[in-house]
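Asks: Before we start, here is the structure in question, set down as structure tokens.
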Amino acid sequence: MRIVRTKDYEEMSRKAAAIISAQVVIKPDCVLGLATGGTPVGIYKNLVNWYKGGDLDFSEVTSVNLDEYRGLPREHKESYWSFMHRNLFDHVNIKPEHINLPDGMNMDADAECARYDKVIESVGGIDLQLLGIGHDGHIGFNEPSNAFDLGTHCVKLTDETIDANQRFFNNRDEVPREAYTMGTRTIMQARKVLMVVSGKDKAEIIKKAFFGPVTPEVPASILQMHPDFTLVADEDALSLL
Ligand code: F6R
78 MRIVRTKDYE
88 EMSRKAAAII
98 SAQVVIKPDC
108 VLGLATGGTP
118 VGIYKNLVNW
128 YKGGDLDFSE
138 VTSVNLDEYR
148 GLPREHKESY
158 WSFMHRNLFD
168 HVNIKPEHIN
178 LPDGMNMDAD
188 AECARYDKVI
198 ESVGGIDLQL
208 LGIGHDGHIG
218 FNEPSNAFDL
228 GTHCVKLTDE
238 TIDANQRFFN
248 NRDEVPREAY
258 TMGTRTIMQA
268 RKVLMVVSGK
278 DKAEIIKKAF
288 FGPVTPEVPA
298 SILQMHPDFT
308 LVADEDALSL
318 L
């Protein structure tokens, strides 16, 4: 595990974008596992700027996103499909047929999860997986539990996650209750994993996840076992170490 300490959110975003950009330069037809949430927004801004400046080319890149709300049409402004288009895909030259997310409107959970695992397998697995971390240690929507989930699966969101995501909706009732998420095994099989974290409110969970025991009660803790895991975090997020 490698820790890159940055002064603030802006530097975290630039450094993490530089790692993703190096991946794309070294392997133009790479598979990027992408994340939503507040933290990666600054990364995507940098990637868009570097693309516009002619330094990055996404024409051969394939993307697979971590997760998607179940039951939310992709046109909904808070779907992860919309988020990714608004923040990245609409502004770079990635091919629409190279973009993959779970289909939140396929209500047959078993079929959708099996389909998504096949997609990830058929593109040859993930070269670089970008992650954020929830306050309870979740990665993707892999919430604390008594076992690590394996492949893509359907989850019921915890009250804490619903509360945290409420800021994106008009009110709590509008927040979807379920989601499809890549499982821990898929994340662990990515050849590189890059996590970005910012802010004092994440300091406690960073300490627990990466300096405590590996346990499904703190899903991110499993990344301690990943052979190529980089944590890019600002001083506030690392303040308890
Ligand atoms: C996003 C995702 C989540 C977030 C996590 C942190 O696709 O799967 O695990 O990475 O909830 O979110 P932020 O960055 O908003 O603190």
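The opening residue of the sequence shown carries number 78 in the numbering used here; numbering runs sequentially from there.
Cβ coordinates follow ideal geometry from the N, Cα and C atoms, glycine included.
#1: For my contact list, residue 296 and residue 216 are in at a C-beta cut-off of 8 Å; report their separation, rounded to the angstrom.
#2: Could you give the DSSP three-state label for residue 247: helix, strand or coil?
#3: Mind checking whether the beta-carbon of residue 168 lies closer than 8 Å to any heavy atom of the ligand F6R?
#4: Would you mind working out which of 311, 80, 220 sits nearest residue 292, comparing C-alpha positions?
#5: Using only CA atoms, which one of 232, 309, 316, 312 lies nearest to residue 146?
#6: Looking only at its own chain, which residues have a Cβ that is under 7 Å from the Cβ of residue 171, when we skip the five neighbours before and after it?
#7: Could you work out which residue in 87, 208, 167, 229 is closest to residue 298 when comparing CA atoms only?
#8: Does the contact criterion of 3 or more C-beta pairs under 8 Å hold for the segment 250-262 versus the segment 177-194?
#9: Give me the Cα-Cα distance between residue 195 and residue 274, rounded to the nearest whole angstrom.
#10: What is the C-beta distance between residue 262 and residue 211, in whole angstroms, given that I count them as a contact (C-beta under 8 Å)?
#11: So, under 8 Å CB-CB, residue 89 and residue 305 are touching, yes? Tell me the CB distance rounded to an integer number of Å.
#12: Just mark residue 283 as buried or exposed, buried being the case when its beta carbon has 16 or more other beta carbons within 10 Å.
#13: Along the chain, where does the beta strand (DSSP E) containing residue 311 start, and where does it finish?
#14: Consider the C-beta atom of residue 94 and the heavy atoms of the ligand F6R; say whether any pair is separated by less than 8 Å.
#15: Of the choices 92, 301, 318, 238, whose alpha-carbon is the least far from that of residue 277?
#16: Measure the alpha-carbon distance for residue 222 versus residue 213 and round it to whole angstroms.
Replies: By the coordinates alone:
#1: As a working note, residue 296 is residue 219 in the sequence shown. As a working note, residue 216 is residue 139 in the sequence shown. The Cβ separation is near 5 Å, so the contact holds.
#2: One-based indexing of the sequence shown puts residue 247 at position 170. Annotated three-state conformation of residue 247 is coil, per DSSP.
#3: Residue 168 sits at position 91 when you count from the first residue of the sequence shown. For the ligand F6R, not one heavy atom lies less than 8 Å from the Cβ of residue 168.
#4: Here the question's residue 292 lines up with position 215 in the sequence shown. The option with the nearest alpha carbon to residue 292 is 220.
#5: As a first step, residue 146 must be located in the sequence shown, where it is residue number 69. The closest CA to that of residue 146, considering only 232, 309, 316, 312, is found on 232.
#6: Translated into positions along the sequence shown, residue 171 becomes position 94. Closer than 7 Å at Cβ, skipping near neighbours: 135, 138, 140.
#7: By 1-based counting over the sequence shown, the position of residue 298 is 221. With distances taken between Cα atoms, residue 298 lies closest to 208.
#8: Yes, the segment 250-262 touches the segment 177-194.
#9: If you number the sequence shown from 1, residue 195 lands on position 118. If you number the sequence shown from 1, residue 274 lands on position 197. Looking at the two C-alpha atoms, the distance is approximately 30 Å.
#10: Residue 262 sits at position 185 when you count from the first residue of the sequence shown. Residue 211 sits at position 134 when you count from the first residue of the sequence shown. With a Cβ gap of about 19 Å, residue 262 and residue 211 do not count as contacting.
#11: On the sequence shown, residue 89 is found 12 positions in, with the first residue counted as 1. On the sequence shown, residue 305 is found 228 positions in, with the first residue counted as 1. About 19 Å separates the two Cβ atoms, so there is no contact after all.
#12: The residue given as residue 283 occupies position 206 in the sequence shown. Of the residues assessed, residue 283 falls on the buried side of the cut-off, its CB having 16 or more other CB atoms within 10 angstroms.
#13: In the sequence shown, counting from the first residue as 1, residue 311 sits at position 234. Counting along the chain, the beta strand (DSSP E) containing residue 311 begins and ends at 306-311.
#14: Translated into the one-based positions of the sequence shown, residue 94 becomes position 17. Checking every heavy atom of the ligand F6R against the Cβ of residue 94, none is found closer than 8 Å.
#15: As a first step, residue 277 is located in the sequence shown; it is residue number 200 there, counting from the start. With distances taken between Cα atoms, residue 277 lies closest to 318.
#16: Position 145 of the sequence shown, counting from 1, holds the residue named residue 222. Position 136 of the sequence shown, counting from 1, holds the residue named residue 213. Straight-line Cα distance between these residues: approximately 11 Å.
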